[in-house]
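Just so you know, the sequences run in chain order A and B.
Following the working numbering, the numbering of the first sequence begins with 1 at its first residue and continues without gaps.
Following the working numbering, the numbering of the second sequence begins with 1001 at its first residue and continues without gaps.
Remarks on the structure that follows.
Protein chains: 2
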Amino acid sequence: MALIVQKYGGTSVGSVERIRNVARRIAKWRAAGHDLVVVPSAMAGETNRLIALAKEIQPQPDPRELDMVAATGEQVSAGLLAMALLELGVKARSYAGWQVRVLTDSAFTRARIQAIDEERLRRDLAAGVIPVVTGFQGVDAAGNVTTLGRGGSDTSAVALAAALKAAECQIYTDVDGVYTTDPRIEPHARRLRTITFEEMLEMASAGSKVLQIRSVEFAGRFKVPTRVLSSLTDPLVPVEEEARAGTLITFEEDPHMAMEQAVVSGVAAQRDEAKITVHGVPDRPGIAYGIFGPIADAGINVDVIVQNVSHDGMTDLSFTVARGDLARALRILDEQVRPHIQCRDITGDDRMAKVSIVGLGMRSHAGIAAKMFRTLAEEGINIQMISTSEIKISVVIDEKYAELAVRVLHRAFGLEQG
Amino acid sequence: MALIVQKYGGTSVGSVERIRNVARRIAKWRAAGHDLVVVPSAMAGETNRLIALAKEIQPQPDPRELDMVAATGEQVSAGLLAMALLELGVKARSYAGWQVRVLTDSAFTRARIQAIDEERLRRDLAAGVIPVVTGFQGVDAAGNVTTLGRGGSDTSAVALAAALKAAECQIYTDVDGVYTTDPRIEPHARRLRTITFEEMLEMASAGSKVLQIRSVEFAGRFKVPTRVLSSLTDPLVPVEEEARAGTLITFEEDPHMAMEQAVVSGVAAQRDEAKITVHGVPDRPGIAYGIFGPIADAGINVDVIVQNVSHDGMTDLSFTVARGDLARALRILDEQVRPHIQCRDITGDDRMAKVSIVGLGMRSHAGIAAKMFRTLAEEGINIQMISTSEIKISVVIDEKYAELAVRVLHRAFGLEQG
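And the structure:
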């Protein structure tokens, strides 16, 4: 008899038949006595279709107008899903972001949720109605439609769960949970029954596509128990069984769990990276800002940054960007950085990949990094950059070795064992 | 330097290239110094696609949810048109019905506009921004999305023009004006430069598809000068020339215009009608209500109603309904009317058409009806029902004669002459 927020991804509502299956699954949870709020994404392919249409009209679409157009995909699937529920005799009502309302800032195409009025939803819940709330979108204080950016429906669902203090946020997608690594690369990848919030955050930033990183941050900030599970299973599997499926993101470090927890929980890979090195810059305050300021102003996201120790007051500064941003980043460095900052050379290298191992267990285990580096060396894989956090070690390597690296690391850390 | 509301139909915004042409046309009017508010329909085919999707999920879609889904078509075209304008360097901003806001009642799928807050639009106009407002939709007092029903974008445009006291409402469509009759039936049909509001209303109710009848009613109530013109001409034709194109709906009976006005302005045909006759009913108060009450309760629209003089206290009552409603209407009469009202027989006849002649000149000319009936008789066309208003005469005939009737009447009343 708990309140549960369920999010269904684009594949899960990708056809009329799948929408019907989602409705059957929701009806099953409802029949088991739970209160539900449901958040659908747009039907698979629809957001891409709308964005392509916009770009045909305006190669660099106006962000406000793009949001106006892109937000319609979720409105359609929310309406259709409400109809599918009504057709099953389940009371339901769809809401667009502005109707709830989901208040965001005005950063069109990448807005951030600021507040959610849950009163309307509470009224529906009290009346036994299932609110079907569009994911991905909101409304700013001036009444403009905003969208949260790619994968934003995950964030919508977690934010609604936080606002409503839901017992659980269930993210239904086309995979049945979070794996030790991508099963398409390593067939022995194993589904994790639980993962801590911090590990999930590192996995997401390390390239795992299962959950959008902002939704994980949201889940962490508001301690929303969030479960990833598959919408492609039989929709009528018993509720008790489904409640144990998937992967649950946890917040407390359960001592019992820590006992059985492996040192490393997962291996993630991020392809399509590019490396840029600014060689021979003076090692003095302000240099990093001088380099990264113009890059940030151009809206280019920088991922790993590594600065080596200096020799004779000079150092090399390397960082990675998405491959698609490489040419633009190099042009900015050439035009806006080189004239102001003394440097020997600027080089770029596409075809890089970042491979990371993540695990809360690393905190108390020495030798993890050494084992990672030895494993890669034994396969002749050269490490070009290294970056570490308390629970993650990332290496940047030639992209052609990415899959090999994932497989050997998965084996080296014993992840295939249950 | 006038304020003009322009509405563009689904064909006019049916492709990226056509949206670009619409933007060029709008930019031209803007460059000529006019203030503009633009109302696009959904891209041609989109509303049908959305409704078909809804019916796949729920054969009788929930009206509230259907509106939620169907309203997205206009939101997409409004956003795209705003982008096309911005791409031309013209300031523009799109608005959904709830943003303006266009307040309607809560009759989902056929809502009626109650009020329009024009303040937001006035602010944009003052700032030189062209508001692009979704047609077809609004929001009710409880914040639900509503739609105005088929052709509702015409009504949206005329209502906005009324609220803003615009100098003219221009309805751009795929025909270049209102014709004396359908040019696909009578190649000598002639475009009318002006038509009075009353004539337009009768033409619309007589089957002319050029303007949606509710938009004509709106134009009449608020005396909005409304012009029908084509969006398929060269978008860069000079503004002065375009301002004289199409057909203008007028309100004052200009004496000068009346002089040159023909007696009959147009001939319209409505196919797909069916005739029902209730034979031998007692001619006493309450009978008509007893018959039409249950029909109206079932949501069936009755068009022409004719009751003949009675013989021995008994009369025949005939009326027409849309052909698709015939079977249902007959069933209702059999089940709900026959048990309560004495009658000899109830017969139905599909394959009927209504052919009408419309003209303000009829008011002061005798013999128009006689000429109409003689013309049809000379062609051997049997008249089954006759219905007249002050400026319209309609006859119901066998559908197979509909086109012949239109052509001979068009010729008989000299409509092909300029």
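For each residue, glycine too, the CB sits at the ideal point set by N, CA and C.
Listed by chain order, chain B residues near residue i by CB distance under 7 Å
| i | result |
| --- | --- |
| A/M352 | Going along chain B, no residue has its Cβ under 7 Å from A/M352, so there is no contact; the nearest lies around 35 Å. |
| A/T72 | T1072, Q1075 and V1076 |
| A/L80 | L1053, A1054, I1057 and V1069 |
| A/L94 | The displayed chain sequence assigns Ser, not Leu, to residue 94 of chain A. By Cβ distance, chain B contributes E1065 and M1068. |
| A/I386 | Those within 7 Å of A/I386 in chain B number zero; the least Cβ separation is about 45 Å. |
Bridge partner(s) assigned by DSSP for residue i
| i | result |
| --- | --- |
| A/S230 | A/T173 |
| A/E168 | A/I4 |
| A/P225 | Beta-bridge pairing links A/P225 to no other residue. |
| B/R1191 | B/Y1179 |
| A/H311 | A/M314 |
| A/I385 | Position check: residue 385 of chain A holds Met in this sequence, whereas Ile was assumed. Looking at the DSSP assignment, A/M385 forms a beta bridge with A/V396. |
| A/T269 | Reading off the sequence shown, one finds Ala at residue 269 of chain A, where the question assumed Thr. Note: A/A269 sits in a beta bridge opposite A/V355. |
| B/V1278 | B/L1317 and B/I1346 |
| A/V16 | Answer by DSSP bridge pairing: none, since A/V16 is not bridged. |
| A/G138 | A/T146 |
| B/I1249 | B/I1195 and B/T1226 |
| A/A322 | A/E273 |
| B/I1305 | B/F1319 |
Closer than 9 Å at the beta carbon, the chain A residues around residue i
| i | result |
| --- | --- |
| B/G1089 | Neighbours of B/G1089 on chain A: none; closest Cβ ~12 Å, over 9 Å. |
Contact belief for residue i with residue j at Cβ below 8 Å, rounded distance in angstroms
| i | j | result |
| --- | --- | --- |
| A/P131 | A/R101 | Incorrect: roughly 12 Å between the Cβ atoms, too far for contact. |
| B/K1007 | B/A1157 | 3 Å |
| A/G280 | A/R344 | 3 Å |
| A/R190 | A/L415 | 6 Å |
| B/G1097 | B/G1138 | 4 Å |
| A/L164 | A/E118 | 5 Å |
| B/N1308 | B/V1321 | The Cβ separation is near 19 Å, so there is no contact. |
| B/S989 | B/S1356 | Summary: the structure shown does not reach residue 989 of chain B, with chain B confined to residues 1001 through 1418, and so no result is reported for it. |
| B/A1353 | B/E1273 | 6 Å |
| A/I427 | A/I341 | Given a span of 1 to 418 for chain A in the structure shown, any question on residue 427 of chain A remains unanswerable. |
| A/I57 | B/E1379 | Not really, about 52 Å apart at Cβ, beyond 8 Å. |
| A/L103 | A/I19 | A/L103 to A/I19, Cβ: 28 Å. No contact. |
| B/A1161 | B/V1005 | 4 Å |
| B/V1267 | B/T1181 | 4 Å |
Listed by chain order, chain B residues near residue i by CB distance under 8 Å
| i | result |
| --- | --- |
| A/D62 | A1082, M1083 and L1086 |
| A/L447 | The structure shown has nothing for residue 447 of chain A, since chain A only spans 1 to 418. |
| A/I26 | Residues of chain B passing the Cβ test: none, with the nearest at roughly 14 Å. |
| A/I19 | I1057 |
Partners in chain A for residue i, counting only beta-carbon separations shorter than 8 Å
| i | result |
| --- | --- |
| B/I1130 | Correct list: empty, because the minimum Cβ distance to chain A is about 12 Å. |
Where residue i meets chain B, residues with beta-carbon distance less than 9 Å
| i | result |
| --- | --- |
| A/V16 | L1053, E1056 and I1057 |
Minimum Cβ-Cβ distance from residue i to chain D less than 8 Å
| i | result |
| --- | --- |
| A/G143 | Note that chain D does not occur in the displayed structure, where the protein chains are A and B. |
Interface residues of chain A facing residue i [CB-CB closer than 7 Å]
| i | result |
| --- | --- |
| B/Q1099 | G143 |
**Study point:** Start-end ranges of the alpha helix (DSSP H) lying completely within the segment 1077 to 1108 of chain B, minimum 4 residues
**Key:** 1097 to 1100
Practice item. Jot down the residue ranges of each uninterrupted alpha helix (DSSP H) in the segment 1032 to 1068 of chain B, minimum 4 residues, whole runs only, in chain order. Key: 1046 to 1057
Practice item. Pick out the complete beta strand (DSSP E) segments inside the segment 336 to 369 of chain A, 3 residues or longer, and give them in chain order. Key: 345 to 358
Point to revise | Three CB pairs or more closer than 8 Å across the segment 24 to 34 of chain A and the segment 1045 to 1064 of chain B | key: no
Review point. Counting Cβ pairs, one atom from each stretch, are 3 or more of them under 8 Å apart for the segment 360 to 369 of chain A and the segment 385 to 397 of chain A?
Key: yes
Review point. Should the segment 1168 to 1175 of chain B be called in touch with the segment 1010 to 1028 of chain B, which here means at least 3 C-beta pairs below 8 Å?
Key: yes
Check your understanding: Are the segment 71 to 86 of chain A and the segment 1067 to 1074 of chain B touching by the rule of at least three beta carbon pairs closer than 8 Å?
Key -> yes
Review point. Does the segment 1105 to 1118 of chain B come close enough to the segment 112 to 128 of chain A that 3 or more CB-CB pairs lie under 8 Å?
Key: no
Practice item. Scan the segment 109 to 137 of chain A and note each continuous alpha helix (DSSP H) run of 4 residues or more that stays entirely inside, going in chain order. Key: 119 to 126
Exercise for review: Would you check if there are 3 or more beta carbon pairs closer than 8 Å linking the segment 264 to 279 of chain A to the segment 312 to 326 of chain A?
Suggested key: yes
Review point. Between the segment 182 to 196 of chain A and the segment 238 to 254 of chain A, do three or more beta carbon pairs fall short of 8 Å?
Key: yes
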